[in-house]
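Data first, discussion second: the structure below is written as structure tokens.
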Amino acid sequence: MYGASLKLCNVLGKTIPKGRIYRIGRRRATRNIQYSKEFKKDFYDLRYSTIGLIREFLYKGISWAQENAEHYDLPCLFLHGKCDKVIPYERTTEVYHRIQSEDKTLKFYENCYHELVHEPEKEEIMSDILCWLEKRIN
């Protein structure tokens with residue numbers, strides 16, 4: 764389904780680039796209801812995007828990243844929520860295995876959605892990020 768969505772995005776982006784896609788909704792991105800309510804009131808929140816922008820970002824960006832993954836050799840930290848309703852966690856696993864870096868880490872959070880730093884487990888997630896960074900700084 765995810766691959767088909769990207770292909771559709773490419774076709775629509777070419778034919779109606781100024782068409783609008785409205786945001787997916789906070790409930791699909793995080794389980795944090797309080798954050799979702801506050802985010803709705805945010806003046807700077809992008810309410811929609813053009814199909815052309817989505818094509819450039821998602822289709823072209825993801826295609827480029829997939830084609831060039833084997834050339835990437837810098838330290839990588841991959842974190843993904845197993846209940847992500849935006850991007851399937853299996854996609855992260857695929858990229859993880861294609862990256863050539865010897866220093867790479869993959870961690871899943873069992874009940875988390877897409878926006879990990881806004882999930883109820885955010886303290887654990889932020890701690891994991893800091894620990895990963897500290898190991899590479901020292």
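Heads up, the sequence shown stops at 901 in the working numbering, and the numbers go up one at a time, no gaps. From the three backbone atoms N, C-alpha and C, an ideal C-beta is built for every residue, glycine too.
- Scanning the stretch 804–882 for uninterrupted beta strand (DSSP E) segments of 3 residues or longer gives 811–813, 839–844, 867–872, listed from N- to C-terminal end.
- Within the DSSP secondary-structure output, Arg-783 pairs in a beta bridge with Thr-813.
- Only buried fits His-843, as 16 or more other CB atoms lie within 10 angstroms of its CB.
- When the five nearest sequence neighbours on each side are left out, the beta carbons in the same chain lying within less than 8 Å of the beta carbon of Trp-895 are those of Leu-840, Thr-868, in order along the chain.
- When only Cα atoms are considered, Ala-828 and Lys-800 end up about 33 Å apart.
- Considering only Glu-873, Leu-837, Glu-833, Ile-779, the residue with the shortest C-alpha distance to Arg-818 is Ile-779.
- Between the alpha carbons of Asn-874 and Gly-776 lies a distance of about 33 Å.
- In the structure shown, Asn-773 falls within a helical segment according to DSSP collapsed to helix, strand and coil.
- Excluding residues up to 5 positions away in sequence, Tyr-872, Asn-874, Cys-875 lie with their Cβ nearer than 8 Å to the Cβ of Glu-884 in the same chain.
- Here Ile-850 is not near His-881, since their CB atoms are 8 Å or more apart.
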